[in-house]
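Residue 280 in numbering that gives the first Met the number 0 sits at position 281 of the sequence shown, with consecutive numbering throughout. Please read the structure below before turning to the comments.
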Amino acid sequence: MYRRLIIFGLAVCGSALIALLVPLALAARDIVQAEQLGQAAAKARAVANDWQRQNPQDDSKAPPFDPPRADTAGEVTLFYPDGTVQGPDPEAASRVVDAASRGGAASDIVDGSGYVSAPAYFDEQFGVVLVSLTPEELREGLTPRLAALAGVSLVLLGLAGGTAWWLARRTVAPLRDLEETANAVAAGDLSARAPHSSINEIEHVGVALNRLTGRVQELLREEREYTAELAHQLRTPLTVLSVDVDGVADDEVRDRLRDDVSGVHMMVDEIINTARRSSREGLQAQCDAGLVVADRVRFWEVLAEDQGRAFEHRLPDAAMPVRLTADDLSAAIDILFQNVFLHTPEGTDFGITVVQDGEWVDVTVWDRGPGFDNAPPEADTVGSTRLGLSIASRLAEASGGTMVVDSQPGGGARVHLRLGPPAE
0 MYRRLIIFGL
10 AVCGSALIAL
20 LVPLALAARD
30 IVQAEQLGQA
40 AAKARAVAND
50 WQRQNPQDDS
60 KAPPFDPPRA
70 DTAGEVTLFY
80 PDGTVQGPDP
90 EAASRVVDAA
100 SRGGAASDIV
110 DGSGYVSAPA
120 YFDEQFGVVL
130 VSLTPEELRE
140 GLTPRLAALA
150 GVSLVLLGLA
160 GGTAWWLARR
170 TVAPLRDLEE
180 TANAVAAGDL
190 SARAPHSSIN
200 EIEHVGVALN
210 RLTGRVQELL
220 REEREYTAEL
230 AHQLRTPLTV
240 LSVDVDGVAD
250 DEVRDRLRDD
260 VSGVHMMVDE
270 IINTARRSSR
280 EGLQAQCDAG
290 LVVADRVRFW
300 EVLAEDQGRA
310 FEHRLPDAAM
320 PVRLTADDLS
330 AAIDILFQNV
340 FLHTPEGTDF
350 GITVVQDGEW
360 VDVTVWDRGP
370 GFDNAPPEAD
380 TVGSTRLGLS
390 IASRLAEASG
400 GTMVVDSQPG
410 GGARVHLRLG
420 PPAE
């Protein structure tokens, strides 16, 4: 738009200059021709006077005369009263010659050439002095004037370009402010507001954008409150149910019910975490994958040591930014580690690697357990593998990446998260 406004301004000014320059150039041509004809007329009169002075007043015959060469342009032709012609006799000059032969001066332009005549008086007869100008002589002095007009036009065009640039900048600057505000809101800064503008139309758009951003803030606050209430309403009956299960006398039934309640509790936690994730959409979706994974490794190392599991981890030293919040990436890593601890026997080795691949970050969690194909039927209980991996997959896709689940070559499960780079 910035370039278009400047081009539009230059086009308008250029059109106006062309409309003005054409008549000015024609006027300059006419002025130059008039000046050249005027100089030729003065030359013709001077030659006629010199010719007359060569002849006494009582002599009716025009004497032979060789006109002097003058500095001014134009070729001189003498027409004697007896019809003799001294010099070139252009047919196009017949009108001005006839006028001078009757005692009057005349000038004319025919086919680009100029002709000026002056009478010479010899008693009662008239001789004629004709000065002929070629097209080049008639236009002498026109080029500098046209160059001056072109120079003035270029200066005016430059001033118009500067004015168009200033107006375009003044018009586009508020639009760029709106763009920056919209980008900030899209990146998660809901406190960003569009500044006021002196241009009414842009001011209206800015007010609408600010109103929209405020409404988004309000909706996120309401959703956050609803999520907190949902968590309380779901967890309270589960806590009561857990207490009731502890009161069951039969050990086998109590353990089975306790596992079922634990599975439901985990499912509720994952659902609530997913709901809370939507209320974090206003945050800047970016974190350092290496730091987040290192934090979760420290958390799970304690449980791995208690269960006698060898926990291998290969973490990066450099920063690895990804398009996820730290909470979301932590939730995804926790889901994968939970699957390892829930669905593999104690003492089963597992590990995690984080590798940079261009702008992408690859996070792989693996174990030496039975793998997904050989997992026991009770492993796929409510709130376990399927729901957890579905949430982890959605988080990977939210970053612009993918999740792949397969088996290790030597046995065991492997989950590969490919996380995308932060949005620019």
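From the three backbone atoms N, C-alpha and C, an ideal C-beta is built for every residue, glycine too. Just so you know, these numbers come straight off a predicted model, no measurement behind them.
Straight across, the Cα-Cα distance linking Gly-73 with Arg-3 is about 53 Å. When beta bridges are read from the DSSP output, Ser-131 appears opposite Glu-74 and Tyr-114.
Here DSSP, grouped into helix, strand and coil, assigns Phe-340 to helix. Counting other Cβ atoms within 10 Å of its Cβ, Arg-308 reaches 16 or more and is therefore classed as buried. One Cα belongs to Pro-421, the other to Met-319, and the distance between them is close to 10 Å. Residue pairing by DSSP puts Trp-359 in a beta bridge opposite Asp-356.
Counting along the chain, the unbroken alpha helix (DSSP H) around Thr-180 starts and ends at 141-185.
For Ala-284, the three-state secondary structure derived from DSSP is coil.
The C-beta distance from Val-362 to Ala-293 rounds to 12 Å, too long to meet the 8 Å contact threshold. It is roughly 54 Å from the alpha-carbon of Gly-140 to the alpha-carbon of Asp-176. Contact check for Phe-125 against Pro-134 fails: the beta carbons are separated by 7 Å or more.
Between the segment 186-193 and the segment 201-215, the count of Cβ pairs shorter than 8 Å is three or higher; the stretches touch. Ile-6 counts as exposed, since fewer than 16 other C-beta atoms from the protein chains shown sit within 10 angstroms of its C-beta. Ala-18 carries a helical assignment under DSSP once its states are collapsed to helix, strand and coil. DSSP places Gly-126 in the strand class (E or B) of the three-state scheme. For Ser-398, the three-state secondary structure derived from DSSP is coil. Within the same chain, and ignoring the five residues on either side of Glu-311 in sequence, the residues whose Cβ sits closer than 6 Å to its Cβ are Gly-350. Beta-bridge pairing by DSSP links Glu-311 to Gly-350. In the DSSP secondary-structure assignment, Tyr-120 is bridged to Phe-125. Per DSSP, the unbroken alpha helix (DSSP H) holding Arg-214 starts and ends at 199-245. With contact defined as three or more Cβ pairs closer than 8 Å, the segment 244-251 and the segment 319-331 are not in contact. With 16 or more other Cβ atoms from the protein chains shown falling within 10 Å of its own Cβ, Ser-398 counts as buried. Ser-106 is bridged by DSSP to Val-115. Distances from the CA of Ile-30 to each of Gln-407, Pro-143 and Val-403 were compared; the closest alpha carbon is that of Pro-143. Rounded to the nearest whole angstrom, the CA to CA distance from Gln-53 to Pro-80 is 15 Å. Taking a cut-off of 8 Å on C-beta distances, the segment 232-240 touches the segment 263-271, as three or more cross pairs fall below it. Relative to Gly-213, the option among Leu-240, Ala-181 and Val-403 whose CA is nearest is Ala-181. Pairing Glu-90 with Gly-13, the inter-Cα distance amounts to about 44 Å.
In this structure, the beta-carbon distance from Leu-335 to Val-414 falls below 7 Å. The shortest CA-to-CA distance from Val-301 to any of Cys-286, Ser-329, Phe-340 and Gln-407 is the one to Phe-340.
Taken through DSSP and simplified to helix, strand or coil, His-195 comes out as coil. When DSSP states are grouped into helix, strand and coil, Ser-392 belongs to the helix group. Residue state for Gln-85 is assigned as strand, using DSSP reduced to three classes. For Arg-94, the enclosing alpha helix (DSSP H) covers residues 93-100.
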